[in-house]
Amino acid sequence: MPTIKPFRAIHPLSAQAVSVVSTIEEMSLETAKHIRTINPLSFIHLLVPELKVDTPEQDKKELAFELIAQNLHRFLHTGVLNQENEPAIYIYQVFKNQKYYRGIWTCTLIDDYAKGIIEKHEHIKPKREEQLIDYLEKTGIDANPVLLAYRTSPTIQHLISLAIGFRADIEFSKDAEKHSVWKIKDSSIIAQFLDCLANIGTVYIADGHHRISAALKYGLKRRSTEPAYTGKEEFNYFSSIYIPDNELEIQSFNRLVRFKGAVKPDVFLSLLRQSFSVTPITTTSEIQNTEIGLYIAGSWYKLELRPSLLSSNFIDSLAVSVLQDHIIKPLLEIENPEKDERLDFLSGGYSTKVLEEKVNSSEADIAFYLNPITMNTLTKIADRGDVLPAKSTWFEPKFPVGLLMHYID
């Protein structure tokens, strides 16, 4: 039973939205700086502001936050961004890859995460969490919503269908995606949505584990310094989009690896055969959920762990765990997958042709392909209080930052 509320969103006007919003997933710092240089309206100015070349290193962080505050004020003053006068909830729709994704964009109480009403499936990295807390504290900008999955509800779907029967308040296309936002201000309709969402049961974090954890810790910090808080202050809530579980798409993270030294393909395959059944295949469609795909020296193979080595532990038996525990760590000597420069991750949105090209061009020596886990598997893991290994899931849709912002201060 999540506790949600409408909010006074800050957003661009429809005509300027394409220039303001930006998709930052997998965006490099160099790309962000380039966008900032060529686009004076981009939300990137509220993430990576331009500092003077001679700024002392020890002053850069605080000065960056000052510039972000100035840029936000300038965007609001000049009409690049506008803040709603009255609280509302929003229906968000994106059309991408021939598929519609629709969700309810609102604000959710941080206590719901603390109490386990909202369940997680990932570990939190303290450094990333601290960066997000710092940003919230210094800027007050909550711009990237947490994607929450709920078990589909015909009643909610009917309400959404009624809401999008009118012209969208914000609509634009960018990067082969069409985005639409409908604003719901009618208090009686808002009440219907709130009542339905209050009865959807357990909610699952699909994307945004670090953002929700940062929002909780920041909110608790504010409460400790403001003992007279009422619970209605914006720091008690975080931006969130609720999308039914049957509309979400889970993709895997595939792996590209460079050998530590010169390793012949037949030698590596021989090492694998000590623990795996290794079968040549012509396409990754032949790979089952518990199996791993390997591309090496121009050929695909299917890897299946020998039954005697299979773990009875549910998490350890997943293909992503088998890959790390039986290949990447012991054979490739990669202890920390997210920090080792010899290993790269490629989201499942990229075709297997991209994996092949990177190996064929010697950017990597080998590629590993994994089938995505199912939503049922994810909810089972979350319900048990377990977490998945790092880089196990990539969720669609991803949201552009700068479309609807929740302002905390």
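For the sequence shown, this note's numbering gives the first residue as 1, with consecutive numbering after it. Using N, Cα and C, we set each Cβ at its ideal position, and we do this for glycine too. This one's a predicted model, so the numbers in the text were calculated from it and none came from an experiment.
Check: Unbroken alpha helix (DSSP H) run spanning Q251, endpoints; Outcome: Per DSSP, Q251 belongs to no alpha helix (DSSP H); it is in the beta strand (DSSP E), 249 to 251.
Check: Completely contained alpha helix (DSSP H) runs for the segment 205 to 244, where each covers 4 or more residues; Outcome: 209 to 225
Check: Reference I68, options N85, L136, Y113, closest by Cα; Outcome: L136
Check: Beta strand (DSSP E) runs wholly inside the segment 277 to 319, at least 3 long, in chain order; Outcome: 292 to 296, 299 to 305
Check: Close-in-space but distant-in-sequence residues of the same chain around P389 (CB under 7 Å, 5 per side omitted); Outcome: V320, S321, Q324
Check: Residues sharing a beta bridge with Q83, DSSP; Outcome: I10
Check: Whole-Å CB distance - Y237 paired with K5, under 8 Å assumed; Outcome: 6 Å
Check: Residues that M1 bridges to, as DSSP identifies them; Outcome: DSSP output for M1 lists no bridge partner at all.
Check: Residue from A64, I160, N39, T55 whose Cα sits closest to the Cα of V48; Outcome: A64
Check: I327 - containing alpha helix (DSSP H), residue span; Outcome: No alpha helix (DSSP H) contains I327, which DSSP labels as neither H nor E.
Check: Which listed residue (K185, A9, I141, A191) has its alpha carbon closest to that of I156; Outcome: A191
Check: Helix, strand or coil at K33 [DSSP, three-state]; Outcome: helix
Check: Residue(s) in a DSSP beta bridge with G140; Outcome: Answer by DSSP bridge pairing: none, since G140 is not bridged.
Check: Cβ pair count under 8 Å reaching 3, the segment 212 to 221 against the segment 116 to 130; Outcome: yes
Check: F95 - containing beta strand (DSSP E), residue span; Outcome: 89 to 96
Check: Element boundaries [beta strand (DSSP E), containing S180]; Outcome: 177 to 184
Check: Cα-Cα separation, I373 to G79; Outcome: 44 Å
Check: Simplified DSSP assignment, three categories, for N360; Outcome: helix
Check: Member of F399, H11, M405, A9 whose CA lies at the smallest distance from the CA of A206; Outcome: F399
Check: Segment contact flag, the segment 167 to 177 with the segment 255 to 271, C-beta cutoff 8 Å, min 3 pairs; Outcome: no
Check: In DSSP terms, what I164 is bridged to; Outcome: Paired residue(s): none; I164 is not in a bridge.
Check: S42, DSSP secondary structure in three states; Outcome: coil
Check: CB of I117 within 8 Å of CB of T23, strictly; Outcome: no
Check: Nearest to A297 (by Cα), restricted to the options E25, H326, S362; Outcome: S362
Check: Integer-rounded CB distance, given that K185 should sit under 8 Å from A114; Outcome: At roughly 30 Å, the Cβ-Cβ gap does not stay under 8 Å, so A114 and K185 are not in contact.
Check: Sequence-distant residues of the same chain with beta carbon closer than 8 Å to I381, five excluded per side; Outcome: H121, F314, I315, V387, L388
Check: Contacts around N289, its chain only, beta-carbon distance under 6 Å, and the 5 residues preceding and following it disregarded; Outcome: N371
Check: Inter-residue Cα distance where the pair is T230 and I141; Outcome: 21 Å
Check: Beta-carbon gap between V401 and V21 smaller than 8 Å; Outcome: yes
Check: Per-residue burial, G348 [other beta carbons within 10 Å of its own, 16 or more giving buried]; Outcome: buried
Check: Host beta strand (DSSP E) of V146 (start-end); Outcome: 146 to 150
Check: Nonlocal neighbours in the same chain, by C-beta distance under 7 Å from Y150, ignoring five residues either side; Outcome: I200, V203, Y242, P244, D245
Check: Residue environment, T139, which counts as buried when at least 16 other CB atoms sit within 10 Å; Outcome: buried
Check: S173: first and last residue of the uninterrupted beta strand (DSSP E) it sits in; Outcome: 170 to 174
Check: Outcome for F166 when other beta-carbon atoms lying within 10 angstroms are tallied against a minimum of 16; Outcome: exposed
Check: Strand pairing of F395, partner residues [DSSP]; Outcome: I250
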